[in-house]
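As structure tokens, the structure follows; a few thoughts come after it.
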Amino acid sequence: MINISEELSNFQPIDIESVEQKIGSIPEDMKNAIELYNKALDEISNNNEDIAIIALKKAISIYPAFYEAMNLMGICYVSIGDEDSARAMFKKVIDMDDNSVRASRYLASLDGNVSPEGVTKSSRRKNQPSGFSTLASWLASGLSPERSKPYFIKYIIGFVAGILAMCLLWIFIPDHSPIIIDVKSALGKSSKEQQVIDQLTKENRDLNNRLTEALQALETAKQTEKNLQDQMEQYIVWADTLRNLQDLAAAGKYKDVVTAVESFEGEPPKKIKDEINNLYNQVKSKAIKQFYDSARNIYNSNAKAQDVEVYKKAADEYRMAIKLIEELNENPAYITEVYYYGGKAIALSQYPSKQEAEAEAVRCFDEVIRIAPGSKLASYARARINQIEAGETIKH
Numbered sequence: 029m030i031n032i033s034e035e036l037s038n039f040q041p042i043d044i045e046s047v048e049q050k051i052g053s054i055p056e057d058m059k060n061a062i063e064l065y066n067k068a069l070d071e072i073s074n075n076n077e078d079i080a081i082i083a084l085k086k087a088i089s090i091y092p093a094f095y096e097a098m099n100l101m102g103i104c105y106v107s108i109g110d111e112d113s114a115r116a117m118f119k120k121v122i123d124m125d126d127n128s129v130r131a132s133r134y135l136a137s138l139d140g141n142v143s144p145e146g147v148t149k150s151s152r153r154k155n156q157p158s159g160f161s162t163l164a165s166w167l168a169s170g171l172s173p174e175r176s177k178p179y180f181i182k183y184i185i186g187f188v189a190g191i192l193a194m195c196l197l198w199i200f201i202p203d204h205s206p207i208i209i210d211v212k213s214a215l216g217k218s219s220k221e222q223q224v225i226d227q228l229t230k231e232n233r234d235l236n237n238r239l240t241e242a243l244q245a246l247e248t249a250k251q252t253e254k255n256l257q258d259q260m261e262q263y264i265v266w267a268d269t270l271r272n273l274q275d276l277a278a279a280g281k282y283k284d285v286v287t288a289v290e291s292f293e294g295e296p297p298k299k300i301k302d303e304i305n306n307l308y309n310q311v312k313s314k315a316i317k318q319f320y321d322s323a324r325n326i327y328n329s330n331a332k333a334q335d336v337e338v339y340k341k342a343a344d345e346y347r348m349a350i351k352l353i354e355e356l357n358e359n360p361a362y363i364t365e366v367y368y369y370g371g372k373a374i375a376l377s378q379y380p381s382k383q384e385a386e387a388e389a390v391r392c393f394d395e396v397i398r399i400a401p402g403s404k405l406a407s408y409a410r411a412r413i414n415q416i417e418a419g420e421t422i423k424h
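Residue numbering for the sequence shown follows the numbering used here, beginning at 29 and increasing consecutively.
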């Protein structure tokens with residue numbers, strides 16, 4: 029059986045700064061995974077294995093190649109009596125074939141085949157992972173206590189140190205010194221050593237290239253994830269907007285639906301856009317009367333104050349009623365009232381300028397005359413046009 033206390037003592041917190049000194053800067057996601065691993069160790073020391081398992085699951089989800097965390101989670105499962113989950117975790121480590129020596133030992137111990145100390149190290153598969161898995165395996169060498177630094181680093185450091193030493197020696201030797209340092213022949217004395225150096229340099233270059241490619245792929249994946257998240261958030265916002273419009277329509281507030289749609293900013297997703305357009309087309313005809321009633325009430329409320337801003341609000345409501353009438357080619361019974369009083373409100377609003385407002389008002393009065401030439405409102409409309417052309421201000 030596994031001696032849980034003894035095995036847990038083999039797991040130590042990981043110093044992120046030390047890791048980065050070994051292999052350089054690591055992505056934030058991996059730092060988060062390490063912090064969760066260290067947190068799990070703290071929880072285990074406080075006999076909170078359940079909380080530790082949760083932290084380890086999060087760490088593994090962030091960094092799937094975190095084999096030390098997987099082994100630790102397997103031990104936690106053994107500690108709480110869940111041997112099936114422990115076996116599954118150790119088998120997962122073995123299948124991924126990194127740090128599998130410890131996992132194999134734990135699994136064999138659970139199966140009762142041999143004691144934890146009696147299992148020999150298993151050989152690793154020769155097939156190495158590619159792509160992002162290559163990055164994960166390489167970084168794992170710095171994260172796992174069971175493994176040492178990449179073996180070629182000591183040779184490269186020694187080589188660089190030797191070159192520096194020879195350069196310093198060359199600087200301090202006088203120009204007239206008979207000593208001649210033949211760097212080329214010194215380095216070329218052993219072709220075998222040179223081959224090793226060349227091979228290690230090539231491996232280092234290949235690893236750096238793979239690391240760069242993997243980091244670029246990771247950055248691309250993060251950006252893609254961010255874009256998808258943004259699209260999802262936008263879809264949720266537009267879906268809520270559609271539901272609000274449907275609620276307004278169901279309550280008979282057709283004017284509010286049209287006003288909301290007319291004021292939209294941005295482009296909704298196609299499916300939601302089609303739904304909004306369909307609803308908008310259904311309520312436009314019903315909204316004309318509501319815009320007219322609202323405009324008339326605002327206009328009439330301003331009989332005493334005759335506030336330009338109030339006239340502007342009334343004019344905006346009349347404009348919407350006129351816009352919908354002309355878009356739908358509608359001919360409601362109150363159409364002449366819409367154009368006549370709309371023309372008065374627009375002229376009195378003096379917006380966007382007095383000249384432009386009066387020109388728009390004349391167009392509305394002309395429509396009254398065209399639609400109902402013999403009506404009382406048509407004669408009123410002619411009188412208003414004459415006032416405007418004479419430079420007079422029309423009355424409320």
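In this text, a Cβ means the ideal position worked out from N, Cα and C, and glycines have one as well.
Apart from sequence neighbours up to five positions away, the residues of its chain that approach A406 with a beta-carbon distance below 6 Å are V396, I397 and A400, ordered along the chain.
Ranked by Cα distance from A333, the first of R130, F118, I108 and L376 is L376.
In terms of CA proximity to Y65, F39 leads the group E417, F39, G402 and I300.
With fewer than 16 other CB atoms across the displayed protein chains lying within 10 angstroms of its CB, L256 is exposed.
When rounded, the separation of the alpha-carbon atoms in A83 and S89 is 10 Å. Nearest in C-alpha terms to I30, of all of L228, I103 and Q251, is I103. No residue range can be given for Y362, since it is assigned to no alpha helix (DSSP H) and is classified by DSSP as neither H nor E.
C-alpha of I264 to C-alpha of G294: approximately 14 Å in a straight line. Annotation for A343: A373, I374 and S377 place their beta carbon closer than 6 Å to its own, counting only its chain and skipping 5 residues before and after.
As for any alpha helix (DSSP H) of minimum length 4 sitting wholly inside the region 76-126, the runs are 77-90, 95-107 and 111-124, ordered along the chain.
Counting only the Cα atoms, K85 lies some 15 Å from N76. In this structure, the beta-carbon distance from I316 to L352 falls below 8 Å. Ranked by Cα distance from G280, the first of A249, D302, M260 and S313 is S313.
In its chain, beyond the 5 residues on either side, I422 have a beta carbon closer than 7 Å to the beta carbon of Q415.
Relative to K120, the option among S107, A93, V106 and D110 whose CA is nearest is A93. If the five residues before and after V366 are omitted, its C-beta is found closer than 7 Å to the C-beta atoms of Y320, Y346, A349, I350 and I353, all from its own chain and listed in chain order. Here DSSP, grouped into helix, strand and coil, assigns F39 to coil.
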